[in-house]
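In the working numbering, the protein residues as written are 59 to 272.
Every residue gets a Cβ at the ideal spot worked out from N, C-alpha and C, and that includes glycine.
To start, the structure itself, in structure tokens.
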């Protein structure tokens, strides 16, 4: 049984730790749980879990370990994961799945390091990549394909047959119409509705969502 290290000591980390506690009631997965944060003093606690160091400290550990990255920012999450993968071999990235989520596991292809929070619904025939965050009450429709490092804030609704790439951040209560294609590195603001295909690197707001500059 390995130890689990949570990267990030902020508010979302506390929510993920609550999910992990709920998972552990059903089956104990980890020997110990620790928190890693570059900006919070070592020895402080998140919930009852001690901050034991920063990411560089994590890389010095010899043991096989499990790691969950709770950083909401897509690009920073990717940077942290890539740093770990470059410098440490005996590390594993489990999927964290809350017990209230509804998932058609029989017809699901999913990668590693995903976080699936309370009351998320993942429909059928989905192909999901790595290190995506599905926050509470998010829904993903049938036959959707997505890449890596996407963030779905609470109550995002992705309709069926959507294809998206990587590093997209969907604001609270945003939606995507069926059969749309989403590129990479887009920011979709809260309460916005995507009704057209999106390329890469845009910011979108409104109903229907329009590209904005800030």
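Among the options, the one whose alpha carbon lies nearest that of residue i
{"i": "residue 174", "options": "167, 182, 265 and 156", "result": "156"}
{"i": "residue 187", "options": "77, 60, 212 and 152", "result": "152"}
{"i": "residue 204", "options": "217, 213 and 212", "result": "217"}
{"i": "residue 131", "options": "190, 159 and 121", "result": "190"}
{"i": "residue 87", "options": "123, 234, 71 and 104", "result": "123"}
{"i": "residue 234", "options": "258, 198, 119 and 140", "result": "198"}
{"i": "residue 178", "options": "210, 222 and 225", "result": "210"}
{"i": "residue 202", "options": "185, 213, 260 and 194", "result": "185"}
{"i": "residue 70", "options": "194, 256 and 260", "result": "194"}
Rounded C-alpha distance that separates residue i from residue j
{"i": "residue 232", "j": "residue 83", "result": "33 Å"}
{"i": "residue 180", "j": "residue 192", "result": "10 Å"}
{"i": "residue 272", "j": "residue 158", "result": "38 Å"}
{"i": "residue 92", "j": "residue 143", "result": "19 Å"}
{"i": "residue 172", "j": "residue 129", "result": "12 Å"}
{"i": "residue 121", "j": "residue 64", "result": "16 Å"}
Enclosing beta strand (DSSP E) for residue i [first to last residue]
{"i": "residue 269", "result": "268-270"}
{"i": "residue 61", "result": "61-65"}
{"i": "residue 261", "result": "261-263"}
- Task: Could you tell me which uninterrupted beta strand (DSSP E) segments, each at least 3 residues in length, are contained entirely in the stretch 93-146, listed from first to last along the chain?
- Result: Counting only runs of 3 or more, we get 107-111 and 123-127.
- Write down every uninterrupted run of the alpha helix (DSSP H) in the stretch 160-196 whose length is 4 residues or greater and which is fully enclosed by it, in chain order. Within the stretch 160-196, no complete alpha helix (DSSP H) run reaches 4 residues.
- Item | Inter-stretch contact at 8 Å, needing at least 3 Cβ pairs: the stretch 136-152 / the stretch 68-76 | The stretch 136-152 is not in contact with the stretch 68-76.
- Can at least three beta-carbon pairs, one atom from the stretch 87-98 and one from the stretch 108-119, be found at a separation below 8 Å? Short answer: they touch.
- Item | Every unbroken alpha helix (DSSP H) inside the stretch 194-258 [4 residues or more] | The qualifying runs do not exist here; there are none.
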